[in-house]
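Chemist: In terms of numbering that gives the first Met the number 0, the sequence shown opens at residue 0 and continues consecutively. For each residue, glycine too, the CB sits at the ideal point set by N, CA and C.
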Amino acid sequence: MTLPGVLLLDAAGPEAGLLATVAAGRGHQVHAATTAAAYVDYGPELKGLLAGHIVTDFARPDRALDEIAVYARRRGVGAVLTVNEYLTELAARLCAELGVPGNDPGRARAARDKAAMAEAFAAAGVRAPYTVLVRDEDGLRFALADPQVGFPCVVKPPSGAGSAGVTVVSGPADAAEAADVAHKAVGMYGSGGDPGILVQAYAAGTEYSVESLTQDGATTHLAVTRKQVTGGAKRVETGHSLPVFLPPAVEAAVYREVEAAIRAAGIRHGASHTEVILGADGRCVVIELGARLAAGQIGVLIQHALGIDVWAALLDVALARPAALAPTTCGYATVRFVTSPRAGRLTSVCGFPKTGPGVPFVRWRAAIGGLVHAPGANGHRLGSFVVTGPDADEAEERADALLRRIRIHVEPTPENGPGQVRPASTSAIAP
0 MTLPGVLLLD AAGPEAGLLA TVAAGRGHQV HAATTAAAYV DYGPELKGLL AGHIVTDFAR
60 PDRALDEIAV YARRRGVGAV LTVNEYLTEL AARLCAELGV PGNDPGRARA ARDKAAMAEA
120 FAAAGVRAPY TVLVRDEDGL RFALADPQVG FPCVVKPPSG AGSAGVTVVS GPADAAEAAD
180 VAHKAVGMYG SGGDPGILVQ AYAAGTEYSV ESLTQDGATT HLAVTRKQVT GGAKRVETGH
240 SLPVFLPPAV EAAVYREVEA AIRAAGIRHG ASHTEVILGA DGRCVVIELG ARLAAGQIGV
300 LIQHALGIDV WAALLDVALA RPAALAPTTC GYATVRFVTS PRAGRLTSVC GFPKTGPGVP
360 FVRWRAAIGG LVHAPGANGH RLGSFVVTGP DADEAEERAD ALLRRIRIHV EPTPENGPGQ
420 VRPASTSAIA P
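1. Is DSSP giving F264 helix, strand or coil here?
2. What's the call for S347, buried or exposed, on a 16-neighbour Cβ count within 10 Å?
3. Spell out the partners DSSP gives K233 in its beta bridges.
4. On the three-state DSSP scale, how would you describe K183?
5. Determine, using beta carbons only, whether S64 and L86 come nearer to each other than 9 Å.
6. Going by the beta-carbon positions, is the gap between P156 and K113 smaller than 9 Å?
7. Can you have a look at K226 and say buried or exposed, based on whether 16 or more other CB atoms are within 10 angstroms of its CB?
8. Starting from the C-beta of T33, find all residues in its chain whose C-beta is less than 7 Å away, skip the five residues before and the five after it, and write them out in chain order.
9. Can you give the Cα-Cα distance for R421 and L97, rounded to whole angstroms?
10. Which residues in the same chain as R106 place their Cβ atom closer than 8 Å to its Cβ, once the five residues preceding and following it in sequence are excluded?
11. For K113, does the three-state DSSP call read helix, strand or coil?
12. Determine, using beta carbons only, whether P330 and G306 come nearer to each other than 9 Å.
13. Return the chain-ordered list of same chain residues with a C-beta closer than 6 Å to the C-beta of G289, the five sequence neighbours on each side being excluded.
14. So, are the CB atoms of P3 and G75 less than 9 Å apart?
15. Specify, as a first and last residue, the run of the beta strand (DSSP E) that R434 falls within.
16. Per DSSP, what kind of secondary structure is G16 in: helix, strand or coil?
17. Rounded to whole angstroms, how far is the Cβ of L314 from the Cβ of A22, which I believe are closer than 8 Å?
18. Do you know offhand how far I428's Cα is from D173's?
19. Would you be able to state if there are at least three C-beta pairs under 8 Å between the segment 200 to 212 and the segment 272 to 284?
20. Tell me whether the beta-carbon of V409 lies closer than 9 Å to the beta-carbon of G343.
21. What is the DSSP secondary structure of A50, counted as helix, strand or coil?
22. Between F150, P43, G77, R126, which has its C-alpha nearest G278's C-alpha?
23. When you compare each of A252, A123, R267 to R291 by their alpha carbons, which one comes out closest?
24. For V165, count neighbouring Cβ atoms within 10 angstroms of its own Cβ and tell me buried if that reaches 16, exposed if not.
25. I believe V29 touches L49 by the beta-carbon criterion, under 8 Å. Please report the beta-carbon distance rounded to the nearest angstrom.
26. Pull up the distance between the alpha-carbon of P430 and that of V167, whole angstroms please.
27. Just to confirm the assignment, what range does the alpha helix (DSSP H) spanning A366 have?
28. Assuming M116 and A110 make a contact with CB atoms under 8 Å, what is their CB distance in whole Å?
29. Which ranges does the beta strand (DSSP E) cover as unbroken runs of at least 3 residues, wholly within the segment 279 to 317, from first to last along the chain?
30. Specify whether the segment 238 to 256 and the segment 369 to 379 touch according to this definition: at least 3 beta carbon pairs, one from each stretch, less than 8 Å apart.
31. For a test of the three-state rule: what should DSSP assign to V82, helix, strand or coil?
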């Protein structure tokens, strides 16, 4: 019996690599749709898993859809998946074109473009921050004067990801610069969507995310994740931990809002990652969602803490097979992200953890001699590592201890100038 082929839209990154590994291990031929520049960076292990690939231009989605559909039909593809935030709408359209399980293509933009998302949430009655789409300076002034916005507020691009271009604005004096930053934030493949910016009411409280899998419109919540986030104008994620056990009534309220958001975005078959804020009164506000598996090694955390093979489950959902979603273990897992304390040129790193007992995953992304940034977006991370254990306190303490051992050395560069970046002595990266 010939098994259906599996097509990944962009196979770069650890999550896509694990998907490819699971699919190939089950005997499926694995294919990738990619760009010419991205394929050059595919490692030999990933290329060895692929039965074929097609090079296309994701910045031209209509053309890419046609080209990939022709390739997929010729290769007997029966499942389409992506873990790339910027390709979820294309994935929904391609699934519909091929007649394979996928999300509603007519509503898929609401899971990608945050202006469309805000409209969909409002229409569906999802409790979400009040949001104004702004296209010019007058619009910005009106939005900031709107009593439903107030200060602090959030200014962000509609089609960004990973906190790029997002600023928490404390007063009118900071708004123009924040708007300029949002305008300049360009995502992958030109991003698409509305060219304006969003001004959003600030939701105070504790930030979590809910990791879910939907099959035939029925949603299973795999875990609630606690998010460690910096303060200040740039809210950058420094770690994730799971599972979090909320009081039953609070958990039920969170799940109701998340499920309403999932329906509003047309998610019918596949993963979703929903970011929420829990206020001091226990009320849940949905900030945004993505129609994909969470990034930042959250899939690794789920696998090691709960024993759920999320990559196998994603494959099963994409193939319309029953997915194993029940936890098989009762553990705990946390990830720490390593960032640079300043901008400059990375000259040395020491003390970065290695894999071993209780440390199942490590990843270093930065090159010695390369430019690094003070953290302003999730893409500025230098690396990450995962710590697991049966006890939350023990795992968190070990993760923090490992983080404190890391030392990096960053030298200033001419483009930074001595007034902006001081010569850096060896520094600890604080949690």
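Modeler: Taking the coordinates as given:
1. Correcting the residue identity first, residue 264 is Ala in this sequence and not Phe. DSSP places A264 in coil when its eight states are reduced to three.
2. exposed
3. DSSP lists no partner for K233.
4. helix
5. It should be pointed out that residue 64 corresponds to Leu in this sequence rather than to Ser. No, Cβ-Cβ distance for L64 and L86 is not below 9 Å.
6. yes
7. buried
8. D9, A10, H52, V54
9. Reliability of the predicted coordinates at R421 is poor, the pLDDT of 35 falling under 50, and the value obtained from them is presented with this limitation in mind. Roughly 55 Å separates the two Cα atoms.
10. A119, A263, A264, G265
11. helix
12. Before going further, note that residue 330 is Gly rather than Pro in the sequence given. Yes, Cβ-Cβ distance for G330 and G306 is below 9 Å.
13. E84, H272
14. yes
15. Residue 434 is absent from the model: the chain starts at 0 and stops at 430.
16. helix
17. 6 Å
18. Here the model assigns I428 a pLDDT of 32, short of 50, so the residue's position is not dependable and the matter cannot be decided.
19. yes
20. yes
21. strand
22. R126
23. R267
24. buried
25. 6 Å
26. With a pLDDT of 32 at P430, under the threshold of 50, the modelled position of this residue cannot be trusted; read the value that follows with caution. So the alpha carbons of these two residues sit roughly 21 Å apart.
27. Neither: A366 is in no alpha helix (DSSP H) and is coded neither H nor E.
28. 7 Å
29. 283 to 289
30. no
31. coil
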